[in-house]
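When the sequence shown is numbered by my numbering, its final residue is 512 and no position is left out of the sequence of numbers.
Read the structure below first, then the notes.
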Amino acid sequence: MKKNIILLTIGLFSSFIYSQDITDALRYSQDNLLGTARFNAMSGAFGALGGDFSSINVNPSGSAIFLNNQVALTTSTYGLNNKSNYFGSKDIENSSSADLNQFGAVFVLKNTDKRSEWSKFSFALNYENANNLNNLIFSSGINPTNSIGEYFKYYANRNNGVSLSNLQTQPRESITDLYDYLGTNFGYGTQQAFLGYQAYIIDPAANYNESNNRNYVSLIPSGGNYYQENFVRSNGYNGKLSFNASGQYRDKFFFGFNVNTRFIDYTQVTSFYEENSNNILSGVQRLQFDNELTTYGNGISFQLGAIAKLNKEIRFGLAYESPTWYQISDRLSQGISSISANSTGELPTVNVNPMIINIYEPYQLRTPGKWTGSFGYIYKKSGLLSVDYSIKDYSNMAFSPNNDYGNINSEIKNNLGVSTELRIGGEYRIKAFSLRAGYRTEKSPYTNQTTIGNLTGYSTGLGYNFGGTKLDLTYSHSQREYQYQFFNVGMTDYSNINSVMNNIIVSLTFEL
Numbered sequence: 001m002k003k004n005i006i007l008l009t010i011g012l013f014s015s016f017i018y019s020q021d022i023t024d025a026l027r028y029s030q031d032n033l034l035g036t037a038r039f040n041a042m043s044g045a046f047g048a049l050g051g052d053f054s055s056i057n058v059n060p061s062g063s064a065i066f067l068n069n070q071v072a073l074t075t076s077t078y079g080l081n082n083k084s085n086y087f088g089s090k091d092i093e094n095s096s097s098a099d100l101n102q103f104g105a106v107f108v109l110k111n112t113d114k115r116s117e118w119s120k121f122s123f124a125l126n127y128e129n130a131n132n133l134n135n136l137i138f139s140s141g142i143n144p145t146n147s148i149g150e151y152f153k154y155y156a157n158r159n160n161g162v163s164l165s166n167l168q169t170q171p172r173e174s175i176t177d178l179y180d181y182l183g184t185n186f187g188y189g190t191q192q193a194f195l196g197y198q199a200y201i202i203d204p205a206a207n208y209n210e211s212n213n214r215n216y217v218s219l220i221p222s223g224g225n226y227y228q229e230n231f232v233r234s235n236g237y238n239g240k241l242s243f244n245a246s247g248q249y250r251d252k253f254f255f256g257f258n259v260n261t262r263f264i265d266y267t268q269v270t271s272f273y274e275e276n277s278n279n280i281l282s283g284v285q286r287l288q289f290d291n292e293l294t295t296y297g298n299g300i301s302f303q304l305g306a307i308a309k310l311n312k313e314i315r316f317g318l319a320y321e322s323p324t325w326y327q328i329s330d331r332l333s334q335g336i337s338s339i340s341a342n343s344t345g346e347l348p349t350v351n352v353n354p355m356i357i358n359i360y361e362p363y364q365l366r367t368p369g370k371w372t373g374s375f376g377y378i379y380k381k382s383g384l385l386s387v388d389y390s391i392k393d394y395s396n397m398a399f400s401p402n403n404d405y406g407n408i409n410s411e412i413k414n415n416l417g418v419s420t421e422l423r424i425g426g427e428y429r430i431k432a433f434s435l436r437a438g439y440r441t442e443k444s445p446y447t448n449q450t451t452i453g454n455l456t457g458y459s460t461g462l463g464y465n466f467g468g469t470k471l472d473l474t475y476s477h478s479q480r481e482y483q484y485q486f487f488n489v490g491m492t493d494y495s496n497i498n499s500v501m502n503n504i505i506v507s508l509t510f511e512l
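This is how it looks when you write it as C-alpha cells:
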C-alpha cells in the first residue's frame, strides 16, 4: 500500500485555473424561453409588438407601447425529460421544479407639452430567469474500449509527466496536505494525477525515469467491456435584471435601451462509476469518482432597440443585444474510491477524499452579441401575428485572460459558428378572452450540428382580461438532442441525450 493517511478538512486557494471547456461557455451564453405567460404562448415573437414585460428583453423599445403603469409577476413549473443512449443502453431521468421566474414594473409618463414630438416616455424594471439550469441525467452501458483510467493517465503523462516525487512528498502527512500542496504549486491537472495514483488506478511504467521519461500506465485491466454509469445533477439559474428607458416619437417610432445585470448561481454534482465486467481478478475491479462544482458570477450588458409603425396594421422592429461580460468564480471538491484485486482476492476499499474545496482565481467570459429583426401585423383589435428572426455568432465567445485560455478560445473559434432563431406567434381575441399559439426553431451553435442539435418548440395559451387585472396561462414544449461527454480529456466518450422540456406558466398583471 502506498501509505495510510489521516484526513483533515481545510480550504485551498489556488491560482491555477479549473479545466473549463466549451460546455461551460455555452451554459452561460444560451438563454431559454422563459418570462411571462403571454410571451411564452407566442414563443417569444414580440420584437415588433412590445407591451409585454418579456418583450423588453427582446426589444427595449417595447416598454413605450404600454399605455399605463403596470406590474407583473410570473411563476412556472419546469419539467425535463432526458433520454440517454450510451453504447446502445437506454436510460430515462425526469426532473421538475417550480420557480418565480419573472417580476417587473413599468411606469408611463405622458408628455403634456403639445409642442414636443415626443408623446410619452416609459421606464421599466424587469427581472427574469434567462435560463433555468436545473437538470438530471443518468447514463449507463458497457464501453467496449475505454476506461476512466485514460483520464487519470492523460493528466499524469502530459507535459513530460508528473514527478513521482511530488505525488509521494513525504513531509506532508495527509491526503489533504498533499492535495493542497499539489493544487497550489502545480495546478488542477496534477491533482487529477494524484487522485488516480492514490486510488491505485495509475502507476509509474516499467521504464519510468524521474528526469526524462515520466510515463504512467493504467492499472485497470485491459480488454474493454467496462460497465459504466454517469449521474449528473445540476441546480441553479442565470438571472437577468433589466433597467429600461424608452420613448415614443411622433406616434410612429419607438426607441429604447436596457442596461442589464446578470447573475449566475450554479451547482453540478457528478458521480462516475466503472466496473470491470471481464471477471479478470487482478488490478482495479471497480471505482467511483465524485465531483461537485459550484459557480458564482455576475455580468453586465446593454441593449438598443427601435420599433416603427408603418400604419395601423404593420410594424417592424430591430434590436441589438451586446455581449455579456462576466466575472466568474469556481469552487470544486473531489473524491474517489476503488477496489482492486490480486491473487489472494479482493483488497480493502481505498477511499481518497481530500476534504478540500478548491477555490480558483476568478476569470472572465465574454458571451456573443445578438441581432433581432421583427415583423408584426395587427388586425384591428381582434388579432395579431408576429415573427422574430435572431442571429448570434457563438464563435465570438471568449475566456480571459487569453494567456490562460488561449487553447479553449481557439477550440471555440474552430467548433462554433452562427446560430439563427426563428419565432412565430399569433393571438386572437374574443371579447375578454385571448387565444395564443407559437412556434420556434433554433439552430445549433456547433458547426457540426451534432454535438448540440437544433431546437424545436411550440406553445399555446390563453388569457383573460378582468379590467385592471390580467391572468394568463401557457403551456410550452421544446426538444433538443445533444451529446453529453463525461470527461473532456482521456476518456472522451459520450452519451446521446434526447432532452424534452415542458413548461406551465402563469402570469398576473395589474394596472396601477
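Cβ atoms here follow ideal geometry from the backbone N, Cα and C, with glycine treated the same way.
Per-residue burial, residue i [other beta carbons within 10 Å of its own, 16 or more giving buried]
i: Leu512; result: exposed
i: Gly223; result: exposed
i: Gly11; result: For Gly11, the pLDDT reaches just 44, beneath the cut-off of 50, and the residue's location in the model is therefore unreliable, although a value from the coordinates is still provided. Gly11 is exposed by the Cβ-count criterion.
i: Asn448; result: exposed
i: Lys431; result: exposed
i: Gly467; result: exposed
i: Ser147; result: buried
i: Thr509; result: buried
i: Pro445; result: buried
i: Gly183; result: buried
i: Leu115; result: As written in the sequence, residue 115 is Arg, which differs from the Leu given in the question. So Arg115 counts as exposed.
i: Ser343; result: exposed
i: Pro362; result: exposed
i: Asn159; result: exposed
i: Pro348; result: exposed
i: Gly161; result: buried
Cutoff 8 Å; reference residue i; Cβ partners in own chain excluding five residues on either side
i: Asp251; result: Ser119 and Lys309
Alpha-carbon to alpha-carbon, residue j and residue i
i: Glu128; j: Asn166; result: 48 Å
i: Ser175; j: Asn126; result: Reading off the sequence, residue 175 comes out as Ile, not Ser. Cα to Cα, Ile175 sits roughly 48 Å from Asn126.
i: Leu100; j: Asn215; result: 53 Å
i: Leu7; j: Ala245; result: Unreliable placement is indicated for Leu7, whose pLDDT of 36 sits below 50; no coordinate value is reported for it.
i: Lys2; j: Phe194; result: With a pLDDT of only 41 at Lys2, under the threshold of 50, the placement of this residue in the model should not be trusted; the figure read from the coordinates follows. Their backbone Cα atoms lie some 12 Å apart in a straight line.
i: Lys90; j: Gly62; result: 46 Å
i: Ser400; j: Asn212; result: 33 Å
i: Gly236; j: Gly149; result: 31 Å
i: Ser19; j: Tyr188; result: 7 Å
i: Ala206; j: Ile412; result: 38 Å
i: Val387; j: Gly463; result: 20 Å
i: Asp31; j: Gly247; result: 27 Å
i: Ala48; j: Asn59; result: 8 Å
i: Gly426; j: Asn82; result: 30 Å
i: Tyr28; j: Leu293; result: 15 Å
i: Ala45; j: Thr474; result: 14 Å
i: Ile328; j: Gln364; result: 6 Å
i: Asn407; j: Asn111; result: 55 Å
i: Asn396; j: Ser390; result: 16 Å
Nonlocal neighbours in the same chain, by C-beta distance under 6 Å from residue i, ignoring five residues either side
i: Ser196; result: A small fix is needed here, since residue 196 is Gly in this sequence, not Ser. Cβ neighbours of Gly196 beyond the five flanking positions: Phe152 and Ile202.
i: Ser476; result: Asn40, Ser459 and Asn503
i: Ala398; result: Arg366 and Asn409
i: Tyr78; result: Ser97, Asn132 and Asn503
i: Ser322; result: Ser301, Phe302 and Gly369
i: Phe53; result: Thr36, Ala72, Gly104 and Asn126
i: Ala306; result: Ser61, Phe255 and Leu318
i: Asp113; result: none
i: Asn85; result: Asn496
i: Gly490; result: Glu150, Tyr151 and Tyr154
i: Tyr326; result: Gly297, Gly299 and Leu365
Cβ-Cβ separation, residue j to residue i (assumed contact under 8 Å), whole Å
i: Phe123; j: Phe107; result: 5 Å
i: Asn135; j: Leu80; result: 6 Å
i: Glu481; j: Gly453; result: 4 Å
i: Gln288; j: Tyr273; result: 5 Å
i: Tyr428; j: Gly383; result: 5 Å
Proximal residues to residue i (C-beta, below 7 Å), its chain only, five neighbours per side dropped
i: Thr145; result: Gly224
i: Phe200; result: Strictly speaking, residue 200 in this sequence is Tyr, with Phe absent from that position. Here the set comprises Leu219, Val284, Ser338, Ser340 and Val350.
i: Asn157; result: Asn215 and Tyr216
i: Phe13; result: Here Phe13 scores only 42 on pLDDT, less than 50, and its place in the model is too uncertain to base an answer on.
i: Glu346; result: Gln285 and Ile339
* Asked: Between the stretch 280-289 and the stretch 297-305, are three or more C-beta pairs nearer than 8 Å?
  -> no
* Can at least three beta-carbon pairs, one atom from the stretch 484-494 and one from the stretch 67-74, be found at a separation below 8 Å? -> no
* To do: Give a yes or no on contact between the stretch 367-377 and the stretch 327-337, applying the rule of three or more CB pairs nearer than 8 Å.
  => no
* **the stretch 302-322 / the stretch 378-389 touching (three or more Cβ pairs under 8 Å)** => yes
* To do: Specify whether the stretch 228-245 and the stretch 258-278 touch according to this definition: at least 3 beta carbon pairs, one from each stretch, less than 8 Å apart.
  => yes
* Below 8 Å, can you find three or more Cβ-Cβ pairs linking the stretch 408-428 to the stretch 439-457? -> yes
* Asked: Between the stretch 32-46 and the stretch 89-96, are three or more C-beta pairs nearer than 8 Å?
  -> no
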